[in-house]
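Residue numbers (this note's numbering): 357 to 511.
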């Protein structure tokens with residue numbers, strides 16, 4: 357009866373005689389290498405970077421509030437959404453020059469506090485006076501609104 361030689365003995369002797377290379381090792385190494393390339397490629401292609409938004413064209417607007425008393429001032433400033441900026445407990449006089457997105461109407465609103473007083477708001481677009489309004493008494497209100505600036509910064 358002839359004994360069958362084990363796979364280990366055959367493998368060891370095949371290598372010793374210059375036989376075929378160990379294909380299983382090459383196969384595992386190749387799969388691992390492909391997995392690494394795939395993960396690196398996925399990381400390069402799947403970035404969270406967003407393209408830079410284009411700058412919104414703006415026009416210079418000057419807001420001014422004069423008078424007596426303490427006020428809350430709301431005004432439109434540089435914001436692509438065109439949202440208002442609010443400043444509370446402002447002592448008068450107050451002036452602010454800001455950039456307003458083209459197509460958004462420049463607006464300033466003034467509200468006096470409970471002590472009352474008198475306050476006037478004024479609005480200038482591109483250095484040109486557009487509107488003035490006055491608030492008086494307790495919680496008096498005034499709003500100034502202008503035409504949306506055109507592309508050259510003028511009303």
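From the three backbone atoms N, C-alpha and C, an ideal C-beta is built for every residue, glycine too.
Thinking just about the alpha-carbon of each residue, which of 452, 501, 379 and 378 is nearest to the one in residue 419?
-> Nearest C-alpha to residue 419 among 452, 501, 379 and 378: 452.
Buried or exposed for residue 447, please, with buried defined as at least 16 other CB atoms from any protein chain shown within 10 angstroms of its CB.
-> exposed
Smallest Cα separation from residue 414: which of 459, 390 and 494?
-> 459
Pick from 501, 465, 502 and 479: whose alpha carbon is nearest that of residue 491?
-> 465
Per DSSP, cross-strand counterpart(s) of residue 410 = According to DSSP, which records beta bridges pairwise, residue 410 is partnered with nothing at all.
Ranges of the beta strand (DSSP E) found wholly within the region 450-487, counting only runs of at least 3 = Listed in chain order, the beta strand (DSSP E) elements of length 3 or more contained wholly in the region 450-487 are 450-457, 463-468 and 474-481.
From the DSSP output, in three-state form, read off residue 432 for me.
-> strand
When you compare each of 474, 424, 425 and 444 to residue 431 by their alpha carbons, which one comes out closest?
-> 444
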